[in-house]
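Worksheet for the structure shown next.
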Amino acid sequence: MTEWLGPQEWAAVGLSLKVAFWAMLGAVVPGVLVAYALARWDFFGKQIVNVLVHLPLVLPPVATGYLLLVTFGTQGLIGGALKEIGVVFAFRWTGAALAAAVMAFPLLVRSIRLSIEAIDPKLEQAAATLGASRLMVFFTVTVPLMLPGLLAGMVLAFAKAMGEFGATITFVSNIPGQTRTLPSAIYAFLQVPGGETAAMRLVVVSIIVAAGALILSEVLARRIARKVGQA
Amino acid sequence: MTEWLGPQEWAAVGLSLKVAFWAMLGAVVPGVLVAYALARWDFFGKQIVNVLVHLPLVLPPVATGYLLLVTFGTQGLIGGALKEIGVVFAFRWTGAALAAAVMAFPLLVRSIRLSIEAIDPKLEQAAATLGASRLMVFFTVTVPLMLPGLLAGMVLAFAKAMGEFGATITFVSNIPGQTRTLPSAIYAFLQVPGGETAAMRLVVVSIIVAAGALILSEVLARRIARKVGQA
Amino acid sequence: MSVEVHIRQGFRGFDLDVRFEAPVGLTVLFGSSGSGKTSVINAVAGLSKPKKSRVVVNDAVLSDSAAGVWVPTHQRSLGYVFQEGRLFPHMSVRKNLMYGNGLAKARPEVASFDQVVDILGIAALLERRPSELSGGEKQRVAIGRALLARPKLILADEPLAALDEPRKAEILPYFERLRDEFSLPILYVTHSIAEVARLATTVVALKEGKVDRVGTAAEVLSDPSFTPMGPRAVGAVLEAVVAQHHEDGLTELSANGVALMLPEVGHPTGHKVRVRVAAHDVILSREAPKGLSALNIVEGKVHSVRSGGGPGAIVSVDTKAGRILARITRRSAAALELSEGVRCYAVMKSVSVAPQDIGTR
Amino acid sequence: MSVEVHIRQGFRGFDLDVRFEAPVGLTVLFGSSGSGKTSVINAVAGLSKPKKSRVVVNDAVLSDSAAGVWVPTHQRSLGYVFQEGRLFPHMSVRKNLMYGNGLAKARPEVASFDQVVDILGIAALLERRPSELSGGEKQRVAIGRALLARPKLILADEPLAALDEPRKAEILPYFERLRDEFSLPILYVTHSIAEVARLATTVVALKEGKVDRVGTAAEVLSDPSFTPMGPRAVGAVLEAVVAQHHEDGLTELSANGVALMLPEVGHPTGHKVRVRVAAHDVILSREAPKGLSALNIVEGKVHSVRSGGGPGAIVSVDTKAGRILARITRRSAAALELSEGVRCYAVMKSVSVAPQDIGTR
Amino acid sequence: RAEQISIFAAASLQEAVSDVISRFEEKSGHKITASFAGSSTLARQVAYGAPADVVMLANVKWMTYLNNKGLLAKENINTRFGNELALVVPVSIAASSKEGVVADLSEILKSGKVAMALVEAVPAGIYGREALQSLGLWEGIRPNVVETDNVRAALALVALGEVAAGIVYATDAEVDDRVRIAARFTADLHSKIVYPTAVVTGQDRPEVLEFMTYMESDAAREAFANRGFVVLEETQ
Ligand SMILES: Nc1ncnc2c1ncn2[C@@H]1O[C@H](COP(=O)(O)OP(=O)(O)OP(=O)(O)O)[C@@H](O)[C@H]1O
Ligand SMILES: Nc1ncnc2c1ncn2[C@@H]1O[C@H](COP(=O)(O)OP(=O)(O)OP(=O)(O)O)[C@@H](O)[C@H]1O
Ligand SMILES: [Mg+2]
Ligand SMILES: [Mg+2]
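Protein chains in written order, with this note's numbering: chain A, 1 to 231; chain B, 1001 to 1231; chain C, 2001 to 2361; chain D, 3001 to 3361; chain E, 4001 to 4236.
See below:
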């Protein structure tokens, strides 16, 4: 097995896992907040937020990567400011995670939003009559009941982050051990005549990792469903 | 306005709309079926189907495009057979739609599945006691109640189809008027020195189209929510 | 036998093992909260698939686990009024009502749309969504939906629980009609003695998942040792025919020749009716009482005196009209020297025979 | 005044305009299905924000649209038993019960966990999920959850509707205790006359979104012209004290010196109680009846005879124990020549005063 | 008669080929559709039956791949155009070395990251790596190299100032005024950079051959030269 993939490939696998994991995790909190706002509030500019959230889906990844580069690069508007406080995304695995998170964001938000919209507000009302403040209601009723959507969203986000290529390579390029994720490696192999076999090996690795994550998520989903009593 | 974009760009906009529309529409029926099966049935190989559905998300688009080319190309396994009966995807806009549909499929399935899982089976039981067969229950109770997820999934699918690039260009290339969608056009401009402005123009067009689709979907969603009585 | 039910099923910490047969008519499932009533009905509806089950309705085998028979729910021709409404949230009240109706064109109607809307008083609600209804309104729509499904078997799980008395009084006769005119088998869950007395042909009492007792309404209600319904439930059920409608609004019934006066009974002369006389509404007297406002005084002979642990005693008196039960204090029983064989008079106020307690039979 | 409510709100085709004040105690909201009871309670809870509202409970202004006051729901210190349960599906019964309790540590408990579990009989269900409960079990958990939230105001929307009689009889006294011992203001929706008679300090009758009538339970119940509760609801409410517990299980009450015998009443000697005597349970006689099994015979003078459209008449008789209502037939009224000022005897069986109808006051 | 011709060309040739096409269309009256994408993509598509008459790739290996599959009409392969590699730096960085002096390279490269196309997979990256290897600089620079999926992305990194320098085709470098050519790599440092053109087997229709002939014309050469390409004298 160790011989089946070279050390570089193993590094890519590890990096992809790391990037996907943190992308997923990093997107969760803002994802939940945005989804909640979109599902439950009416505010000025709601549609603009909605469009912004979906943008990474609509634009070709290269464009998103380019926009990320312009904003979060060391010379970029936000990137420059962040650099001052020591946060650098450019050409780091953190940047790959950022790119993956941005690309996965619409998927996460949509899933969570769907779940929030499916929650019966009457249950939240019941919690309020029992003395729960808005925040308390959110954490004790809304969040547990939106777990199916959260989980689905996280699975999508993780999968998307595992497969993200265009935005990542444009934003943080392809530095072995740093930003060379599985998709970059696969892409590189596909650029060379006869590289298909090597690429397919990595494709298989991707599939195995994804299958593992998916099965884990299904197990969790079952548990949640049993908890919420629909199973 | 007509001068703002050249005829080639207008063609790309039109093509993208056509491709995204048909990709979305074509994916709906299989999406609903797969989502229903995943949500409600336990069958052998369920996890395999689940992994397959998510595959286009996990793999770099180029790899998906390559796999599509290998299977649905005129020389491909399925493509060859389909060619016999006169259905050709390769290097046609239909192929672009197929690629977009495949790429959007996981998003569609997940959304619909979430909505199906949120439906109280007790309502379906009630319909059965009133004499509705499984199929009838599905169409009169399950489908209307899963509309929020269906709509969300279709929005995601449309958006994704508008933005799909990697798999499309790999599968059906970038033929003006045939398979040159907005993302391909944006990519083409980004390949040309000084093409950023032209690319940005197309990005803006993409955003406008997407915003239109999103706002339309929100209006529909509100109507559905009012119908289902949660609003 | 119109209904035969045998169900064995296990939940976490709860075993259901229920077996009963009931003749044509309305069978009340009775029992305390959590005794398994809804579980039985669900199994009859085919909504749960018990380990073991045999359900036969009017000679049609709906399920028989031994023979491998399992008719799916939608082919059982049901009208199920659920304990919790279960209206379709995405349909208007009208569409909810018509849902089953449209699916069962082949079967005869048991009620027309207009009739149902009228009886249930939901005409003003037809275009609303279920989310815009009050609790009782939802319940009424649920009843209507079940009735309009042209059922061949009605399952009703506390259908009137959320309704006010006048509304109940309007709907109850309708279940009588279903039972009598349409000869529909009905399984009916209720906690209300008035409903049991009025509607039940057979009472199946459940206790912790087992059948505690099966019998006719008269048997079960007149059994002083059967207490799960509370002491107020005990009473005799007399068979009578409508003899005459008096001008002052009273109706004279004849129970085996004994005249009983009741407030207007809405049935024609000659119609057979059941009259429940609650034991706690009967006063006994050794001498023929005079100058009382009570109109119905029947002579009889004490059949038995039973006293429980409390201060009360149930005295059964055999009269020409049938056996009448009286719930009196032990003190009075002693004072009147009531014992087996003693002659006495049973005093029943005409109005104490509540209208709900008059059923057709 | 313990509760002051003024609400004006409009739905599609339904206008709510309700204004009432109620003294310390339990206020029953009464009215037919769809009359606006739940809407009023929701507004009091702050779950709906009416166009116009003023809600004051025990001098605390919960909302006053004129003054721009709006206390959010979670700060109103409520215990709301919803009409439809609304248990948290993702929590065990235990967690459901303790939800509000944990959030309101600062306020005094009105019931301990063990007490509530015991009274409601839900000890065996604590580790279950709501989806594994029967209808009545859900309802009981919902009651427990509200009680454990250490409320300062209880809102209960048909809390006992899904329960069997024995279970109701176990829970009812608990609401009495909340009313009396804890002096908690309670808004209580019910369709049950027994519950009204037993619990209500004040009755607010709603009709199509407006207040139809407000009064004490005694006033409203003893008003023969007030029919929305059905004819069986009419009856007198007598004030009495527990005089003596007899050995044979009877309890002697003294109503202004008149002895009334009842089956065992669970209150100590000297305790003040309310006794409801339903009009249809009273027999009148011109002469002192003898040899009857009925223990309670009270002399009095006819105050009025009212006959409605039907065969019945309500006779009010002023006795030393208070005014007693009797529902008799017009025929009997004529036969006995009952008219204003005539002396007569009211015969009440001891047991006809149902235990549910004895409330503490 | 106006005929349809379909050309699959490497993305980096987009402008030059477009110029040639419009001139050819004007002259011949034929209609040409050109699809631009990465060489690997195009080659694979042709291998799987793409409706291409002419392919122009930026990568000899992929052309060989097609040829080996017998997909090219052998008599119609030619290589007329080439390119040069250049080291570019952001204009914002003050000139520390004169153009054409490669010796100072290491100095520039020390100051930060160097953007290149994928050095194992994409031709520009491969050429660049070869050049650096020839110069003996590769091992030292390797850790600083950031790889992009195509040359244009590498150029963009330089243009935005995200990297200190980039190695790109001279054709790209000359047009973007946010970058400055710091050095040119002489042709002997790497494999020859050429853009082979070929007709797909079976597509050698008269109008296609007419186009191939036009590609040899002065007009075509001029078009390529205008875009900065090297015009080779001999077909190889
Ligand atoms: N899905 C389930 N899982 C576990 N236990 C269950 C489930 N459904 C019902 N039970 C238990 O089975 C018993 C019978 O429930 P059922 O709903 O039949 O009672 P019921 O007689 O209808 O009571 P009620 O009058 O309160 O509605 C109860 O103790 C209940 O807790
Ligand atoms: N969201 C709503 N939209 C429109 N109408 C509503 C809405 N909620 C309630 N109503 C209407 O308002 C009226 C009062 O409803 P409410 O729930 O207060 O009745 P209720 O007295 O509690 O009745 P019940 O005893 O049946 O529960 C009803 O006619 C109902 O249909
Ligand atoms: Mg039940
Ligand atoms: Mg209500």
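Where is the CB? At the ideal position from N, CA and C, for every residue including glycine.
Closer than 9 Å at the C-beta level to chain D, one finds these residues of the region 120-146 of chain A: D120, K122, L123, Q125, A126, A127, A128, T129, L130, G131, A132, S133, R134, M136, V137, T140, V141, P144 and L145. Under the 10 Å beta carbon count, A2142 (chain C) is surrounded by 16 or more other beta carbons and is classified as buried.
Interface with chain C (8 Å Cβ-Cβ cutoff): K1018 (chain B) is excluded. In the three-state reduction of the DSSP assignment, I4005 (chain E) falls in the strand class, which pools E and B.
Proximity of A2067 (chain C) to chain B, defined by a Cβ-Cβ separation below 8 Å, is not satisfied. Taking 9 Å as the upper bound on Cβ-Cβ separation, chain A lies near residues P3072, T3073, H3074, Q3075, R3076, S3077, L3078 and G3079 of the region 3052-3079 of chain D. With a cut-off of 8 Å on Cβ pairs, the region 4156-4175 of chain E is not in contact with the region 4063-4074 of chain E, counting fewer than three such pairs. Those residues of the region 1042-1074 of chain B placed with their C-beta closer than 9 Å to a C-beta in chain E are V1062, G1065, Y1066, L1069, V1070, G1073 and T1074, ordered along the chain. With a contact defined as Cβ atoms closer than 8 Å, V4208 (chain E) and V4054 (chain E) qualify at about 6 Å. By a beta-carbon distance limit of 8 Å, P1148 (chain B) contacts A1221 (chain B). Their separation comes to about 6 Å. Q3139 (chain D) has its Cβ no nearer than 7 Å to any heavy atom of ligand 4. Scanning the region 3207-3273 of chain D from its first residue to its last, the whole beta strand (DSSP E) runs of 3-plus residues come out as 3210-3216, 3235-3245, 3250-3255 and 3258-3263. Residue range V2003 to F2011 is occupied by the beta strand (DSSP E) that includes F2011 (chain C).
P2289 (chain C) counts as buried, since at least 16 other C-beta atoms from the protein chains shown sit within 10 angstroms of its C-beta. Taking a cut-off of 6 Å from the heavy atoms of ligand 4, the residues with a C-beta inside it are C:S2134, C:G2135, D:K3037, D:T3038, D:Q3083 and D:D3157. The beta carbon of G4049 (chain E) falls within 8 Å of a beta carbon belonging to chain B, placing the residue at that interface.
At a cut-off of 8 Å between beta carbons, Q2244 (chain C) makes no contact with chain D.
Excluding sequence positions up to five before and after V3056 (chain D), its CB lies within less than 6 Å of the CB of E3004, all in the same chain and listed in chain order.
Three or more Cβ pairs closer than 8 Å define a contact, and the region 1024-1038 of chain B falls short of that threshold against the region 1068-1083 of chain B. Residues of chain C whose Cβ lies closer than 8 Å to the Cβ of P3268 (chain D) do not exist, since the nearest Cβ in that chain is about 18 Å away.
Check the Cα spacing between P7 (chain A) and each of A:A185, A:A211 and A:I208: the tightest is with A:A185. Contact between L3155 (chain D) and A3045 (chain D) holds: CB atoms are separated by about 6 Å, below the 8 Å threshold.
The alpha-carbon separation between K3052 (chain D) and H3006 (chain D) amounts to approximately 8 Å. Nearest CB-CB separation between G3291 (chain D) and chain C: below the 8 Å threshold.
A Cβ-Cβ distance of about 7 Å is found for the pair L3221 (chain D) and V3234 (chain D), placing them in contact under the 8 Å criterion. Distance from the CA of E4139 (chain E) to the CA of A4115 (chain E), rounded to the nearest whole angstrom, comes to 15 Å. Judged by their CB atoms, L3062 (chain D) and S3039 (chain D) are not nearer to each other than the 8 Å cut-off. A1188, L1190, Q1191, V1192, P1193 and G1194: these are the residues of the region 1187-1199 of chain B whose beta carbon lies less than 7 Å from some beta carbon of chain E, given in chain order. Closer than 7 Å to some heavy atom of ligand 2: that describes the Cβ of R3012 (chain D). Among the residues of chain B, none has a CB under 9 Å from the CB of F2014 (chain C); the nearest is roughly 19 Å distant. Residues of chain D with a Cβ closer than 8 Å to the Cβ of I2283 (chain C) are, in chain order, I3283, L3292, S3293, A3294, V3347 and K3349.
L2133 (chain C) and L2125 (chain C) do touch by the CB rule: their CB atoms are close to 6 Å apart, below 8 Å. Annotated three-state conformation of L59 (chain A) is coil, per DSSP.
Among the CB atoms of chain A, none fall inside 8 Å of the CB of S1173 (chain B). When DSSP states are grouped into helix, strand and coil, H2303 (chain C) belongs to the strand group. Taking all protein chains shown into account, D2281 (chain C) has 16 or more neighbouring C-beta atoms within 10 Å of its C-beta and is therefore buried.
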